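What follows is a short report on a single structure.
Protein chains: 2
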Amino acid sequence: MVTFPKYQWEDAGVQASAVSMSKSRNRQPTIIDIAEAAGVSKSTVARALSDSPHIGEKTRERVLSAVRALGYERNHLAQSLRSGRTGMLGLVIPDIANPFWAEVARGAQDEAARSGASLLVFSSDWDPAREASHLRALRQARVDGAIVNPVADNVDGLGRFGLPVVLIGSSAERFPELSSVGSDIAQGVALGLNHLAMLGHHRPALLLGSPRLARVRFLRVVHDHCIAHDVDPSTLLMEEGEYTVESGRAAMLRLLERGGDAVRCVFAANDLMALGALLAVREAGLKCPDDVSILGFDGIPAGAFSDPGLTTVAKPARGIGAEGMKLLVEAIEGDVEHRRVLLPCALEVRGSLAEDAGAGPARLAAVGRG
Amino acid sequence: MVTFPKYQWEDAGVQASAVSMSKSRNRQPTIIDIAEAAGVSKSTVARALSDSPHIGEKTRERVLSAVRALGYERNHLAQSLRSGRTGMLGLVIPDIANPFWAEVARGAQDEAARSGASLLVFSSDWDPAREASHLRALRQARVDGAIVNPVADNVDGLGRFGLPVVLIGSSAERFPELSSVGSDIAQGVALGLNHLAMLGHHRPALLLGSPRLARVRFLRVVHDHCIAHDVDPSTLLMEEGEYTVESGRAAMLRLLERGGDAVRCVFAANDLMALGALLAVREAGLKCPDDVSILGFDGIPAGAFSDPGLTTVAKPARGIGAEGMKLLVEAIEGDVEHRRVLLPCALEVRGSLAEDAGAGPARLAAVGRG
DNA sequence: AATCGCTATGGTAACGTTCCCAAAATATCA
DNA sequence: TGATATTTTGGGAACGTTACCATAGCGATT
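So the sequence lines, in the order shown, correspond to chains A and B. Each residue of the first sequence is one higher than the one before, counting from 74 in this note's numbering. Each residue of the second sequence is one higher than the one before, counting from 74 in this note's numbering.
And the structure:
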């Protein structure tokens, strides 16, 4: 049996302690319980808990041991309400089940953990309504800030967000006034194109995605690259898909129908379409890379297991998450440098590319002057 | 220009309103600001906000329009502190970047969204220390409950968690006193074995994982199945890996070395090892499924893109997340039914299995009596 | 010995809600 | 019309912290 000693307090403190003690059977201990146990005021307990220098060594010891004895754990809610900071951050991505975004999430998560923050993760499914609803939830939860891959075209939702925010992904370009992190698509496309050129593929066919910003940019870089290398961009074969395996397969089939044997190399705008292309090539009775070389873009894990393994331009997914989180933390800490960070892509060489033994580069010059 | 009407209040309310009004320039409006704007008390605002029946229709309208006008948003922190419920749930999984767990997370997320809750997601990296730290973070954030894939063997961490918790994954078996959701491995293994038998593969070689509970169970089911089908389990070839592609490849190579041509079929304990086996088969100059059939276990997305596509026993990943969340919500709502749910696996037929044209089933009976 | 500074402590008011109780306003009935 | 239900409202007191201010100690300085 446990009996409590009589305390000598006569004022308001008595009530408070009486209440808390009577309840303390099945309730998590609060700072007040600790104060009682250690025989100090709650202010002192708070000081011990927050490593304040304004507290005696002996007192701190006593408080801390009471904390251990009662198994006290700070109520983060109360702390947040009072201090105005929750230590919670938001992450809104299209789909956590998508390997790319999962990787981004992991990067963000690790970096958040390093600064002692927790991550609230939402999937928007590319739906502006859901995005808006998730942002609202984040605001109501009073997160300190958020990383968002914006799907809504209207600046409103994000502009009104009213909290530190870092954008990730390609669509971030539409909001130049906000900090953002993305992969350097231009560098990545150039990297892929150069690698192809090195293997003798100067005029790869293109498997593009649906007509969004990402596609425009992809095309622009290809265009510039061609011009810079004396290739007439208008002679490039192109087909359009929707960034899925199936659409990639269909697009590749159309491409083969149009181009026939001339199609020796394909640069797909993402890995899923590239994998679809791989299926199409096999279906058409051709072999990759012997007959057709395929280069992907993204670096999804599945690319490692296809046959042949998919050579691809890998986006720095985890780096994007991590860097985004770094920027966010900085923004919250008040080092309000507005920044746009582009992380370089890297070439992931596997087996889907072969050297083109065919004719040398069909140059613009040759065509023009021939 | 906006001027505020003079209010007739003389008491404490005046101070409060004065303070809040002077601050309200760049501060999020609170329930008190709304009360002022609508000319009611904060109690009334709270009632309007919570759809209480104890409020007049006209008043509710007035309050709600003030809410819209000021762009008020409930402070979830304060609400939680007062009501004791946060509407936040935790999810602790080994690795969000792992496709299986990402899928689980997605299932949990969707289901959480349906009940208006937010999800705090953590990756434990199979590290008990991290798991413990994440559970602590969850408790401090005062989540209403959590879904955990337990990695720590000690019941302590979870027993002490003190909040509604639902376990997911195979390791949940170690904590029979807690609700849990998992895939029905026994059913899945049997499903795979039956399918193999149907194709004539009565004695598949086994690619096992590292010696943990999952492996023991896997083996037990195979053993029982063999006995039930008159096959001597001890005649089954087995190799061990670590659930990775590389270890699967190595194990398969060892298997081929040991078994030679006799190895016509392999049942891998997970898809990654199966994919590794696929590589090994190709490396050894053999063809899958013509020479060797390979059956995986898991249903990871990458299996769809290998060549041939990996036939596998797919775990209901998303379903596990969703069902786990349902159980958790129930547990929180107070319908404290303790439950252990096993979700059935499904066969995902792709191309890595061929019919065995070889000899009929080598039966125990035949061996024993021959 | 009185004063000054400094550290260590206690008390109290926030933070923004919800919950309970009392009181006011209105409706209902005899 | 007066008394009694019933609905609608207001006023605090929580929830568990932190921030600020005041003050009690106490050694050092004059």
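Yeah, the Cβ is synthetic: ideal placement off N, Cα and C, and Gly gets one too. This one's a predicted model, so the numbers in the text were calculated from it and none came from an experiment.
_Sequence-distant residues of the same chain with beta carbon closer than 6 Å to Leu211 (chain A), five excluded per side_ = For Leu211 (chain A), where only same-chain residues beyond five positions count, the Cβ hits under 6 Å are Gly163, Ala219.
*Anything in chain A within Cβ reach of Glu176 (chain B), meaning under 7 Å, just list it in chain order.*
The contacting residues are Ala170.
_Quick check: is the beta carbon of Val194 (chain A) nearer than 8 Å to any beta carbon in chain B?_
Yes, Val194 (chain A) lies at the interface with chain B (some Cβ there is under 8 Å from its Cβ).
*What does Arg212 (chain A) reach in chain B if we use C-beta pairs closer than 8 Å?*
Under the 8 Å cutoff, chain B gives Glu146.
*Proximal residues to Pro417 (chain A) (C-beta, below 6 Å), its chain only, five neighbours per side dropped*: Hits under 6 Å: Asp257, Gln260.
*Answer yes or no: does any C-beta atom of chain B fall closer than 8 Å to that of Gln182 (chain A)?*
So, interface residue.
*Cα-Cα separation, Ala390 (chain B) to Met398 (chain B)*: Near 13 Å, if we compare the C-alpha coordinates of Met398 (chain B) and Ala390 (chain B).
*At least one CB of chain B closer than 8 Å to the CB of Ser379 (chain A): is that the case?*
Judged by the 8 Å Cβ criterion, Ser379 (chain A) is in contact with chain B.
*Grouping DSSP H, G and I as helix and E and B as strand, with all else coil, what is Thr308 (chain A)?*
The three-state reading of DSSP puts Thr308 (chain A) in helix, counting H, G and I together.
*Just the C-alpha distance for Ala142 (chain A) and Ser253 (chain A), rounded to the nearest angstrom, thanks.*
About 46 Å.
*What three-state label does DSSP hand Thr384 (chain A) in the structure shown?*
It is a strand residue.
*Going by DSSP, which residues form a beta bridge with Ser191 (chain B)?*
As DSSP reads the structure, Ser191 (chain B) sits in a beta bridge with B:Met161.
*Could you tell me which residues DSSP puts in a beta bridge with Ile367 (chain B)?*
BP columns for Ile367 (chain B) point to B:Val339.
*Sort A:Thr132, A:Arg355, A:Asp344 by Cα distance to Leu326 (chain A) and report the nearest one.*
Residue A:Arg355 is the option with its Cα nearest to Leu326 (chain A).
*Report the neighbours of His149 (chain B) on chain A: residues whose CB is nearer than 7 Å to its CB, in chain order.*
Near His149 (chain B) (Cβ distances below 7 Å), the residues of chain A are Gln213, Ala214, Arg215.
_Out of B:Pro223, B:Leu122, B:Asp217, which one is the CA nearest neighbour of Ser22 (chain B)?_
Outside the displayed range of chain B (74 to 443) lies residue 22 (chain B), so it cannot be described from this structure.
*Should Arg355 (chain A) be counted as a contact of the ligand ATP given a C-beta to heavy atom distance under 7 Å?*
As for the ligand ATP, it is missing from this structure, which has no ligand bound.
*asked:* So if DSSP puts Gly239 (chain B) in a beta bridge, which residue, or which two residues, is it bridged to?
replied: Here residue 239 (chain B) turns out to be Val, not Gly, going by the sequence shown. For Val239 (chain B), DSSP records a beta bridge to B:Ile220.
_Sufficient close CB pairs (3 or more, under 8 Å) joining the region 162 to 178 of chain B to the region 163 to 182 of chain A_ = By the Cβ criterion, the region 162 to 178 of chain B is in contact with the region 163 to 182 of chain A, since at least three pairs of Cβ atoms, one from each stretch, lie closer than 8 Å.
_Cα-Cα separation, Val372 (chain B) to Glu319 (chain A)_ = In the sequence on display, residue 372 (chain B) carries Gly and not Val. Going from the Cα of Gly372 (chain B) to the Cα of Glu319 (chain A) covers about 19 Å.
_Residue(s) in a DSSP beta bridge with Val254 (chain A)_ = Bridge partners of Val254 (chain A) according to DSSP: A:Ile241, A:Val414.
_Best match in A:Val336, A:Pro381, A:Ala335, A:Glu330 for proximity to Leu352 (chain A) [C-alpha to C-alpha]_ = Cα-wise, what sits closest to Leu352 (chain A) is A:Pro381.
*asked:* Among B:Ala427, B:Glu146, B:Arg158, B:Leu292, whose alpha-carbon lies nearest the alpha-carbon of Asp444 (chain B)?
replied: Missing from the structure shown is residue 444 (chain B); chain B here goes from 74 to 443 and no further.
*Looking at the unbroken beta strand (DSSP E) that takes in Glu421 (chain B), where does it start and where does it end?*
Per DSSP, the continuous beta strand (DSSP E) segment holding Glu421 (chain B) begins and ends at 419 to 421.
_Using a Cβ-Cβ cutoff of 8 Å, what residues of the region 324 to 351 of chain B are near chain A? List them in chain order._
Contact residues of the region 324 to 351 of chain B toward chain A are Leu348, Leu351 (C-beta to C-beta distance below 8 Å).
*Which residues in chain B sit within 7 Å of Ser153 (chain A), going by Cβ to Cβ distance?*
Simply Leu150.
*Could you tell me the distance, in whole angstroms, from the CA atom of His70 (chain B) to the CA atom of Ser243 (chain B)?*
Residue 70 (chain B) lies beyond the stretch modelled for chain B, which goes from 74 to 443, so this question has no answer here.
_alpha helix (DSSP H) segment containing Ala111 (chain B), residue limits_ = It spans 104 to 111 - the alpha helix (DSSP H) in which Ala111 (chain B) sits, taken as one unbroken run.
_Span of the alpha helix (DSSP H), counted from its first residue to its last, around Leu279 (chain B)_ = It is not in any alpha helix (DSSP H) - Leu279 (chain B) instead sits in the beta strand (DSSP E) that spans 278 to 281.
*Cα-Cα separation, Arg158 (chain B) to Gly369 (chain A)*: The alpha-carbon atoms of Arg158 (chain B) and Gly369 (chain A) are separated by roughly 47 Å.
_Would Arg179 (chain B) pass as an interface residue toward chain A - the criterion being a Cβ-Cβ separation below 8 Å?_
Yes, Arg179 (chain B) counts as interfacial toward chain A.
*With a cut-off of 8 Å, does the C-beta of Ala270 (chain A) fall near any C-beta of chain B?*
No, Ala270 (chain A) lies away from the interface with chain B (no Cβ there is under 8 Å from its Cβ).
*Under 8 Å between beta-carbons, which chain B residues line up against Thr159 (chain A)? List them in chain order, please.*
Using a Cβ-Cβ cut-off of 8 Å, Thr159 (chain A) is close to Leu150 of chain B, given in chain order.
_Quick check on Pro138 (chain B): does DSSP put it in helix, strand or coil?_
The sequence shown places Ser at residue 138 (chain B), rather than the Pro named in the question. If DSSP states are grouped into helix, strand and coil, Ser138 (chain B) belongs with the helices.
*For Pro249 (chain A), I'd like the list of residues in its chain whose CB is within less than 8 Å of its CB, leaving aside the five on either flank, ordered along the chain.*
Setting aside the 5 residues that flank it on each side, Pro249 (chain A) is surrounded in the same chain by Arg413, each with a C-beta closer than 8 Å to its C-beta; the list follows chain order.
*Whose C-beta lies closer than 6 Å to the C-beta of Ala111 (chain B) among residues of the same chain, with five residues either side of it excluded?*
So the list reads Arg135, Val136, Ala139, once near-sequence residues are dropped.
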